[in-house]
Ligand SMILES: [Zn+2]
Ligand SMILES: [Zn+2]
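Residue numbers (my numbering): 1 to 401.
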């Protein structure tokens, strides 16, 4: 039986597991119910399983029939603090929690890959690390798992790592997409506190008004983006919060604003951090105001290794035939903590279109929406791709290369 046929054969189990996970979504680093379901799904397989110390992760190592390096496959498991607005038979039973980013599919597909590969372990020249990760949605779960040793779980550092992400819109169903280089943005936060001295609105000369200076900072940040950064290495600065004052005739003591900052290269990320803080402090100083500016670091840029991204594309072609892989023309502006894995290990992050057939990918509610829906039909294909990436990467000729 081919890998794809074996994957199709386990379709019902994959759907059962995914629906079961979907009904009990958990948020953050501690997902005890999810962890239990994953352990049950892996039960009986010839795996070396360990669980996380400071998070409810599951790391499983499959030893191949022949010696060789290790590759890592990652699936994230956490949900979002969203109240589901779908009328599906397997809707969330946890109030205010929903698998709105499709991580229930990733978990199910990765468990499926463990079954597929366990049945083919003799073909593997090397080991496979299955990384079931909590806390992707803002909790740096990948970083915690790296600190707890997931990259070396097989006894040596993984030589390649692959992650997958389903999308409920934008891509046609069943189509995989990736690209070499940046695939997702870094997302950081600039926090600015402008401190002046309050007074009567009629006599500004007797106060130190923070508001005009803070407004100047907001527009100067946009100018900074266009004057100091390469248009082909984009930077997005959006001031999404701005607060000062109470009524029209009182000058407040201070003003505060914060901005989300998206970048697509290490260089731009480091430079905007330095230049944005320098800019707001400089404007404050020019007006005789004190400025407290801080830059909160979010997830780094997710950067695919060029070779691994084309290997992933070739693996899709080999498995499903032509027309199923699409080279993304540009990265997306969301962010991902798989970025931490790709900072340490070469690899690729691949998107998979999972829009249900009764919706249009161009207009369907996207990931994180309370109405997002993901089609079960992609589960066998996702499991097969995970397995095929490991099998091909650890085939004898590549492993010795
Ligand atoms: Zn998400
Ligand atoms: Zn996600």
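Ideal placement from N, C-alpha and C gives every residue a C-beta, glycine not left out.
These numbers come from a predicted model, not from an experiment.
Looking only at its own chain, which residues have a Cβ that is under 6 Å from the Cβ of residue i, when we skip the five neighbours before and after it?
| i | result |
| --- | --- |
| residue 287 | 213 |
| residue 327 | 179 |
| residue 153 | 59, 61, 129 |
| residue 183 | 302, 304, 331, 349 |
| residue 312 | 178, 348, 350 |
| residue 150 | 59, 131 |
| residue 137 | 78, 80 |
| residue 63 | 127 |
| residue 252 | 198, 244, 245 |
| residue 376 | 15 |
| residue 163 | 74, 338, 349 |
If I follow the unbroken beta strand (DSSP E) through residue i, where does it start and stop?
| i | result |
| --- | --- |
| residue 243 | 235-244 |
| residue 178 | 176-178 |
| residue 403 | Outside the shown range of the chain, which is 1 to 401, sits residue 403, and nothing can be said about it. |
Using a Cβ-Cβ cut-off of 8 Å, state whether residue i counts as contacting chain C.
| i | result |
| --- | --- |
| residue 11 | This model lacks chain C altogether; it includes just one protein chain. |
How far does the alpha helix (DSSP H) with residue i in it extend, from its first residue to its last?
| i | result |
| --- | --- |
| residue 340 | 338-344 |
| residue 316 | 306-320 |
| residue 34 | 32-42 |
| residue 386 | 379-393 |
| residue 144 | 141-147 |
| residue 49 | Where residue 49 is concerned, there is no enclosing alpha helix (DSSP H), although the beta strand (DSSP E) it sits in stretches over 48-51. |
| residue 5 | 3-9 |
| residue 107 | 103-118 |
Residues in the same chain with beta-carbon distance under 7 Å from residue i, minus the five sequence neighbours each way, listed in chain order, please.
| i | result |
| --- | --- |
| residue 399 | In this prediction, residue 399 has a pLDDT of 47, which is less than 50 and means its spatial position is unreliable; nothing more can be read from the coordinates. |
| residue 413 | Lying before the first or after the last residue shown, residue 413 is absent from the chain, which here runs from 1 to 401. |
| residue 139 | 28, 29 |
| residue 19 | 90 |
| residue 275 | 224, 228 |
| residue 395 | 125 |
| residue 248 | 201 |
| residue 270 | none |
What residues match up with residue i in a beta bridge as DSSP calls it?
| i | result |
| --- | --- |
| residue 186 | 263 |
| residue 133 | 76 |
| residue 226 | Note: residue 226 sits in no beta bridge, so no partner. |
| residue 296 | 189 |
| residue 161 | 72, 347 |
| residue 125 | 66 |
| residue 166 | 352 |
| residue 258 | 191, 241 |
| residue 60 | 49, 130 |
| residue 334 | Answer by DSSP bridge pairing: none, since residue 334 is not bridged. |
| residue 402 | Residue 402 falls outside the range modelled here, since the chain spans only 1 to 401, and no answer is possible. |
| residue 208 | 197 |
| residue 277 | For residue 277, which the question treats as bridged, DSSP gives no partner whatsoever. |
| residue 251 | 199 |
| residue 302 | 184 |
| residue 98 | 80 |
Can you find the residues in the same chain that come closer than 8 Å, C-beta to C-beta, to residue i, ignoring five residues on each side of it along the sequence?
| i | result |
| --- | --- |
| residue 391 | 3, 117, 120, 123, 124 |
| residue 403 | Residue 403 cannot be examined here, being either before or after the span of the chain that is shown, 1 to 401. |
| residue 144 | 29, 52, 54, 55, 57, 135 |
| residue 265 | 182, 233, 301 |
| residue 317 | 324, 325 |
| residue 95 | 83 |
| residue 388 | 3, 315, 318, 319 |
* To do: Please determine if the region 218-232 and the region 201-209 are in contact, where contact requires at least 3 C-beta pairs separated by less than 8 Å.
  => no
* Whose beta carbon lies closer than 6 Å to any heavy atom of ligand 2, going through the chain in order? -> 101, 103, 136, 165
* To do: Check whether the region 144-159 touches the region 31-46, taking contact to mean three or more Cβ pairs, one atom from each stretch, closer than 8 Å.
  => no
* Okay, do the region 252-261 and the region 313-329 touch, 3+ Cβ pairs below 8 Å being the bar? -> no
* To do: Could you say if the region 159-179 and the region 277-295 meet the contact criterion of at least three C-beta pairs nearer than 8 Å?
  => no
* **Inter-stretch contact (C-beta, 8 Å, three-pair minimum) for the region 79-88 and the region 19-27** => yes
* Evaluate the contact criterion for the region 104-115 versus the region 375-386: three or more CB pairs, one atom per stretch, below 8 Å. => yes
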